Structure formats: C-alpha cells, structure tokens
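**Q**
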Amino acid sequence: MAEANAQNGDVMMNNMCSTQVGPEAKEFNLLRADEEYRNGNVEHSIYYQVRAQFHCWDTRYLTEWEDVENCLPSCKTILNECSAAEKAAFKSNKPLLNILNYLKNSELKEETQTKPTKVMENLDFLESIVEPALGIKRIIEVCSQLPNEWCVLQLCKSFNTATTYSGFGEIFGADGAVYLSLLRHCRSPELGPVCVRINNENLAEIFSSYSTIVERFRRIINVDVKKYKSQETKAKYWQDLNAFEEFLHSLLEKLRNCMLPYGFLFFGKRYDCEAVQTQTLAVIQSVDALCDKYGWSIHQRIILSQAAMHANNLSQAEISMACYELAANNELECQSIYNLLKTCAKDWQRIERQQPLSSRRFPTIMVVDERLDHIHWEQLKPTQEFTRIKSLHSLWRLYKFHKPSIRHGYLVVNVQRGMCVINPDGDLPNSGRRLRGFFEHWLPQWRHLFEVVPTEETVVSEAYNADCFVYAGHGSGLQYISAKKICRTRVKGVVFLFGCDSTRLLGTGLYSALYGTHNYYHGALCPTVMGTLMPALDANMDTVSVSVLSRWLAPGKPDVIPWTHINRSAWLTKGEVKGDDLETLERHPDYQMGSLCAIVSFVHQGLVEPKLYNSCVYVCRGLPAWNVAVKELPF
1 MAEANAQNGD VMMNNMCSTQ VGPEAKEFNL LRADEEYRNG NVEHSIYYQV RAQFHCWDTR
61 YLTEWEDVEN CLPSCKTILN ECSAAEKAAF KSNKPLLNIL NYLKNSELKE ETQTKPTKVM
121 ENLDFLESIV EPALGIKRII EVCSQLPNEW CVLQLCKSFN TATTYSGFGE IFGADGAVYL
181 SLLRHCRSPE LGPVCVRINN ENLAEIFSSY STIVERFRRI INVDVKKYKS QETKAKYWQD
241 LNAFEEFLHS LLEKLRNCML PYGFLFFGKR YDCEAVQTQT LAVIQSVDAL CDKYGWSIHQ
301 RIILSQAAMH ANNLSQAEIS MACYELAANN ELECQSIYNL LKTCAKDWQR IERQQPLSSR
361 RFPTIMVVDE RLDHIHWEQL KPTQEFTRIK SLHSLWRLYK FHKPSIRHGY LVVNVQRGMC
421 VINPDGDLPN SGRRLRGFFE HWLPQWRHLF EVVPTEETVV SEAYNADCFV YAGHGSGLQY
481 ISAKKICRTR VKGVVFLFGC DSTRLLGTGL YSALYGTHNY YHGALCPTVM GTLMPALDAN
541 MDTVSVSVLS RWLAPGKPDV IPWTHINRSA WLTKGEVKGD DLETLERHPD YQMGSLCAIV
601 SFVHQGLVEP KLYNSCVYVC RGLPAWNVAV KELPF
C-alpha cells in the first residue's frame with residue numbers, strides 16, 4: 001500500500017509543474033530519498049536526491065530573455081496595429097515620438113548584443129521519468145558524458161518532517177543526516193554512483209551553530225567607529241574576533257570528525273601521467289582482488305578504491321576508521337584493508353617524490369544542496385581544488401554550452417580584455433584606494449570604473465562582453481543591475497564578486513527556493529563565478545582579492561613587481577605600490593597559476609590570510625577555469 005502511494009505521488013509530481021507545487025516538490029523527493037535508502041535501494045535514493053536539487057522554477061531564470069522577447073512587441077508591430085489617424089498623430093505628439101524613437105534605438109542595440117543560445121531542450125534530463133530505475137540510468141548516462149577528469153560529489157540534507165513548512169533559518173539549524181553521493185568517481189564509468197549517509201549525533205549542534213554564524217560574525221564586525229576609539233573598546237573588538245576564530249576552528253573540527261571516515265570522498269582524481277596510470281591500474285587490481293576474496297559489494301569496492309587512490313593523504317585515524325567501517329568490524333578483513341592502504345600510501349609517496357605533478361588533483365565538482373551551501377565544505381580538504389554548483393542539471397547545462405572550450409577537465413580561457421567596477425558608492429575610501437593602486441599597477445590596460453556608479457547599459461555592453469569582470473564593493477552588485485537583466489543577457493567571461501555575502505544563498509520569500517547572485521550569472525551562461533559565503537573585513541578581502549587576481553591574470557607589462565614583493569604597509573595605508581624593482585615576474589615563474597580553483601585552495605590553506613574567518617569565506621562556483629594567458633596546461 002505504501003509503495004503504491006509513493007508511485008502515485010511520483011506520477012502526480014511528474015504531471016504537475018514544480019512552479020505550481022513549490023518547495024513541496026523538493027520535500028517530496030527528499031522524503032522518497034530517505035525511504036529508498038532505508039529500504040536498501042541506494043541508487044533509487046540517489047535518483048530522488050538529484051531530482052530534489054532541481055526545480056522547474058529554475059527554468060524561469062534560464063529562459064527569461066526568451067520569454068521577454070516573445071512577450072514584448074517590436075516597434076514595427078506597434079505601428080502596424082495603429083490606424084492612419086494614430087500614425088499621423090505621432091508626428092504632432094513629441095513625447096510619443098520620443099518613446100518610439102527610444103524603442104527603435106534600443107532594438108538596434110539589442111541586435112548587436114550577444115544573447116544566450118536557446119536553452120537545451122533536455123535541460124531537465126529527468127523530465128517525464130517516473131521510475132527510479134530509469135532515472136538512475138539517465139543520471140549515469142549524463143555523468144558518463146562529463147569530462148573523465150572530474151569527480152562529481154553531491155551533498156544533500158535529509159528530509160525532516162518538523163521543518164516541512166518552516167522558514168530557511170529553521171531548516172538550516174534543524175537536525176538531519178547528510179547524504180554524500182559520488183555521481184562520478186575514480187571507478188566511473190565502469191561502476192555506477194555510490195552514496196553514504198552520515199548521521200552523526202553531533203550534526204545537530206553543527207547545523208545549529210552554522211545557522212547563526214553569519215549574524216554572529218556581523219555583530220562583531222559591524223561597529224560604530226566613533227565608539228571604538230578607546231583602548232578598552234578596541235581590545236574588546238579584537239577579543240571578540242579571536243573568540244570567533246576559535247569558535248570557527250572548533251566548529252570545523254567537529255564537522256571533519258562527523259565526516260570521518262569518509263573525508264577522502266572529497267578528493268578528486270590525480271593529474272594524469274604515465275606513473276599515475278600504472279599505479280592506478282595496480283591499485284584497482286589490488287582492490288578488486290581483496291573485494292573478490294571477501295565477496296564484497298560494489299559499494300565497498302568503490303569506497304575502498306577511493307581510499308586507496310589517496311591513501312598517502314589519509315591520517316592514521318582515517319585509515320583505521322575506514323577499515324572498521326568497510327569491514328563491519330571483522331578483524332581479519334580490517335587487517336587486510338589496513339595492509340592494502342598502507343602499501344598504497346608508500347607507493348603513492350614514492351611516485352610523488354619522482355613525479356611531483358602526480359601530487360596535484362583535478363577539481364572536485366560539488367553539487368551542494370541549498371540547505372548545506374552555507375557550510376565551509378572546502379575546509380574538509382583545503383589542498384583539494386573545488387568548485388560548487390546548484391544541481392547536476394545546472395552543471396550539465398554549463399558543460400554542454402562550454403564543452404568546446406573544456407580540455408583536460410578545465411574550462412580553458414585566455415583573458416585579455418577585462419573590466420572592473422571598484423567602490424561604486426564611494427563610501428569605502430580605503431578599499432577604493434588600495435584596489436585602484438592594484439589595477440593601475442597590474443592591469444592598466446583594463447577598463448576601470450573607480451567610485452563611479454555603472455549604468456545597466458554599461459555593465460551589459462562592456463562588463464558582460466569582457467573576458468573577465470571584477471566587482472568590488474558592497475554586496476554582489478545587484479543594486480546596480482537587476483537579476484532579470486542579468487538573465488536576459490549572455491555573460492561571456494569569468495566573474496569575480498568581491499563583496500560581503502556576494503554569492504551567499506538568500507530566500508526570495510518565507511517559503512521559497514533560495515537563490516544567490518551566481519545563479520543568475522549561471523542562468524546567463526557565465527561559466528565561473530568567484531564570491532563569498534559570508535561578510536569579510538575590508539582590508540583582508542582586498543588582500544585576498546589582489547592575491548587571487550595577480551596570480552591568475554596576466555599583467556599589462558612583464559616587468560611588474562610580483563605582489564608578494566610589494567611594500568604591504570604602503571599599499572594597505574596609502575594604496576601605493578612600491579617594492580624592489582629588481583623583482584619581476586620573470587624571476588618568479590611559479591608565482592602565477594593557471595587554475596583558479598588551485599588559487600582559491602591556496603587561500604583556503606591560510607597562505608594568503610592566516611585567520612580562518614578571512615580565508616574560508618571564498619568559493620568558486622560553476623566550471624573550473626584555467627587561464628592560458630599565464631600558464632599552459634601541463635598535460
């Protein structure tokens with residue numbers, strides 16, 4: 001009876017548009033994912049998890065420009081509908097004539113603008129599928145077409161009856177399990193997707209703490225400068241900041257412990273070379289021999305393979321816990337796994353010494369549930385390259401459109417033309433001074449807008465047609481260009497949004513889907529967006545932004561001073577770029593990096609800003625980008 005009701009629910013949800021059903025569609029799919037997992041149908045559970053991340057409501061932003069064009073009549077249509085008397089009246093009615101001329105000019109401009117290609121007919125690749133078995137087959141088919149270098153890890157929060165109709169503040173803080181689903185992994189496409197359910201008792205505390213973390217930090221940093229001039233108030237400010245730093249370290253340590261022993265699922269594939277290929281084949285043979293010996297499942301085979309591929313990066317505690325988890329506390333099997341992982345660890349260490357490139361990894365694409373997006377998942381493995389995406393559907397759309405430019409798992413770009421909008425409100429004088437100094441030193445050939453509010457026309461015609469667009473100011477810049485305007489155009493290049501909460505997900509209503517600025521940019525087929533999950537301190541954000549940009553963007557002249565060799569004090573206080581003129585990029589060939597995700601990983605490791613609250617807030621979203629203007633691919 002219960003199974004029949006579930007099937008009826010699937011049919012009902014499939015026949016109704018999710019824009020009509022609303023978030024209930026997500027709740028239903030999460031409920032079915034839980035039921036299937038409990039019943040041992042793990043692949044069916046994965047199918048419902050994937051469905052839960054995509055709403056038909058999302059297509060509104062993806063088809064916005066087409067809908068507008070279909071609805072708005074052209075000037076020619078308007079005139080054809082007018083009578084002879086009405087047409088004659090235009091000549092004597094100056095306001096109407098001005099309106100008509102304005103519309104004609106606007107149409108001429110729009111004809112020259114690059115617009116998104118038509119939305120793929122199969123954007124919702126699970127549309128019309130009701131049977132989970134057919135759904136998982138389609139998901140495997142889609143994932144098999146993605147680059148072989150990618151690992152795709154989906155993170156999904158479980159269904160919670162108590163918060164079905166709650167606001168997102170309550171949903172974020174509510175208890176629940178976390179599903180880690182490897183949709184594409186080190187054994188793909190030979191073996192299908194795999195899923196583990198993390199249901200640690202400490203997750204409730206972690207979710208509760210994370211649900212208020214932004215407000216907690218904002219209360220500390222949003223201070224009245226006039227009241228914070230005395231030594232006592234300054235001491236209190238730094239005391240609160242240090243306390244928050246300790247709190248954040250403790251929170252992330254709890255998160256890492258909760259994810260044990262499955263932290264290695266976040267690792268991506270190793271860079272390809274002959275030594276890696278040989279060792280990978282040996283690892284797979286050893287894993288398969290052990291699994292065949294004990295009659296293990298495909299699930300155990302995939303998990304053990306993933307652990308063995310990165311054995312030299314696992315701590316002793318991770319190895320021990322992985323052994324007991326996989327062997328279900330069978331001592332003989334545990335010892336066999338332990339011996340295998342230790343052998344693999346020694347082999348990988350030897351190979352990395354001989355071939356340093358083998359220690360690097362391709363990006364892991366994280367499909368992150370909107371209810372988990374505010375968590376600093378990248379900190380679980382900060383040396384790993386990551387990028388986030390809203391759903392497998394969104395990843396599929398971006399990949400299909402940009403496929404001709406993707407090589408060896410990276411979106412290959414050659415950034416030459418760029419534009420920046422810096423401190424448009426003019427109320428961040430210190431930040432504006434620092435960033436002006438950087439852009440005039442490093443990128444003098446770019447189009448600069450300093451302390452100038454850009455018009456929507458300027459942003460659309462110049463910024464969105466550039467190879468790279470940098471915004472630095474309050475928030476994400478949506479106060480200067482509307483979300484609808486973004487969705488109606490085509491954003492060509494990589495976008496950097498250096499502002500507080502610039503890519504943080506926010507609710508559009510009490511009970512609605514969450515959207516961030518990056519969603520609108522991805523709707524406009526922008527391949528990659530870098531932004532923040534939380535507020536950040538101005539000077540520290542400026543330091544991170546110029547470090548990222550100077551490592552990833554080619555300077556306007558080859559004899560510039562590397563940013564690591566400038567006088568930091570002069571730049572922070574006056575915006576002046578001074579340093580040793582003998583130090584040039586030619587003398588530091590390893591300063592710049594092609595992979596944007598690798599540079600952000602550099603930030604996550606605390607190598608730019610040591611404080612965690614200054615380094616963990618930055619995320620890459622969309623496709624992993626590689627700028628060949630600074631480094632060629634090493635393959």
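Under full-length UniProt numbering, the first residue of the sequence shown is numbered 1, with each subsequent residue one higher. Every residue gets a Cβ at the ideal spot worked out from N, C-alpha and C, and that includes glycine. If you're wondering where the values come from, they're calculated on a predicted model, not measured in any experiment.
Enumerate in chain order the residues of its own chain whose CB-to-CB distance from Ser-405 is below 6 angstroms, with the five nearest sequence positions on each side excluded.
**A** Cβ neighbours of Ser-405 beyond the five flanking positions: Leu-411, Val-412.
**Q** So, Ile-566 versus Lys-578, is the Cβ gap smaller than 9 angstroms?
**A** Yes.
**Q** Judging by CA-CA distance, which residue of Ser-181, Lys-234, Ser-74 is the nearest neighbour of Tyr-37?
**A** Nearest of Ser-181, Lys-234, Ser-74 to Tyr-37, Cα basis: Ser-181.
**Q** Using 8 angstroms for Cβ pairs, my map puts Arg-434 next to Leu-623. What's the rounded Cβ distance?
**A** The Cβ separation is near 30 angstroms, so there is no contact.
**Q** Would you list the one or two residues that DSSP bridges to His-448?
**A** BP columns for His-448 point to Cys-420.
**Q** For Gln-53 and Val-368, what's the separation of their Cα atoms in angstroms?
**A** Cα-Cα distance, rounded: 8 angstroms.
**Q** In whole angstroms, what is the alpha-carbon distance linking Val-560 and Asn-339?
**A** The alpha-carbon atoms of Val-560 and Asn-339 are separated by roughly 52 angstroms.
**Q** Below 8 angstroms, how does it come out for the stretch 463-477 and the stretch 498-506: are there three or more Cβ pairs, yes or no?
**A** Yes, since at least three Cβ pairs between the stretch 463-477 and the stretch 498-506 fall closer than 8 angstroms, the two stretches touch.
**Q** Helix, strand or coil: how does DSSP classify Gly-493 here?
**A** Here Gly-493 sits in coil by DSSP.
**Q** Which of the three DSSP states, helix, strand or coil, is assigned to Thr-117?
**A** Annotation note: pLDDT 49 at Thr-117 (below 50); position unreliable, coordinate value reported separately. If DSSP states are grouped into helix, strand and coil, Thr-117 belongs with coil.
**Q** Can you list, in chain order, the residues of its chain with a C-beta nearer than 6 angstroms to that of Pro-132? Leave out the 5 residues immediately preceding and following it.
**A** Answer for Pro-132: His-44, Tyr-47, listed in chain order.
**Q** Just the C-alpha distance for Val-225 and Lys-234, rounded to the nearest angstrom, thanks.
**A** Distance between the alpha carbons of Val-225 and Lys-234 is about 10 angstroms.
**Q** If you draw a straight line from the C-alpha of Asn-221 to the C-alpha of Gln-239, how long is it?
**A** Note that residue 221 is Ile in the sequence shown here, rather than Asn. Roughly 12 angstroms between the two C-alpha positions.
**Q** Looking only at its own chain, which residues have a Cβ that is under 7 angstroms from the Cβ of Leu-326, when we skip the five neighbours before and after it?
**A** Around Leu-326: Gln-300, Ile-303, Leu-304, Ile-337.
**Q** Pick helix, strand or coil for Val-21, following the three-state DSSP scheme.
**A** Only weak support exists for where Val-21 lies, its pLDDT of 49 falling under 50; the value from the coordinates is given anyway. Correct three-state label for Val-21: helix.
**Q** Could you pull the start and end residues of the beta strand (DSSP E) that Phe-469 belongs to?
**A** Note, Phe-469: beta strand (DSSP E), 468-472.
**Q** Is DSSP giving Leu-180 helix, strand or coil here?
**A** Of the three classes helix, strand and coil, the one that applies to Leu-180 here is strand, per DSSP.
**Q** Going by DSSP, what residues sit across from Val-196 in a beta bridge?
**A** Note: Val-196 sits in a beta bridge opposite Leu-180.
**Q** State the beta-bridge partners of Phe-386 as determined by DSSP.
**A** Answer is Thr-364, bridged to Phe-386.
**Q** Compute the beta-carbon to beta-carbon distance between Phe-266 and Thr-364, rounded to the nearest angstrom, for a pair I have assumed lies under 8 angstroms.
**A** At roughly 6 angstroms, the Cβ-Cβ gap stays under 8 angstroms, so Phe-266 and Thr-364 are in contact.
**Q** Would you report the Cα separation of Arg-270 and Arg-187, rounded to the nearest angstrom?
**A** The straight-line gap from Cα to Cα measures roughly 13 angstroms.
**Q** Below 8 angstroms CB to CB, which residues in the same chain sit around Asp-175 once its five sequence neighbours on both sides are set aside?
**A** Excluding residues within five positions, the ones whose Cβ falls inside 8 angstroms are Asn-160, Leu-203, Ala-204, Phe-207.
**Q** For Lys-492, I'd like the list of residues in its chain whose CB is within less than 6 angstroms of its CB, leaving aside the five on either flank, ordered along the chain.
**A** Same-chain partners within the cutoff: Asn-465.
**Q** Taking just the CA atoms, how far does Arg-551 sit from Gln-355?
**A** For Gln-355 and Arg-551, the distance between alpha carbons rounds to 24 angstroms.
**Q** Please classify Tyr-515 as buried or exposed, where buried requires at least 16 neighbouring CB atoms within 10 angstroms.
**A** Tyr-515 is buried by the Cβ-count criterion.
**Q** Check whether the Cβ atoms of Ser-158 and Val-178 sit closer than 9 angstroms, and answer yes or no.
**A** Contact: yes.
**Q** What number of angstroms, rounded off, separates the C-alpha of Ser-315 from the C-alpha of Met-321?
**A** Whole-angstrom Cα-Cα distance: 10 angstroms.
**Q** Roughly how many angstroms separate the alpha carbons of Gln-335 and Cys-323, rounded to a whole number?
**A** Distance between the alpha carbons of Gln-335 and Cys-323: 8 angstroms.
**Q** Grouping DSSP H, G and I as helix and E and B as strand, with all else coil, what is Asn-627?
**A** Looking at Asn-627 - three-state DSSP - the assignment turns out to be strand.
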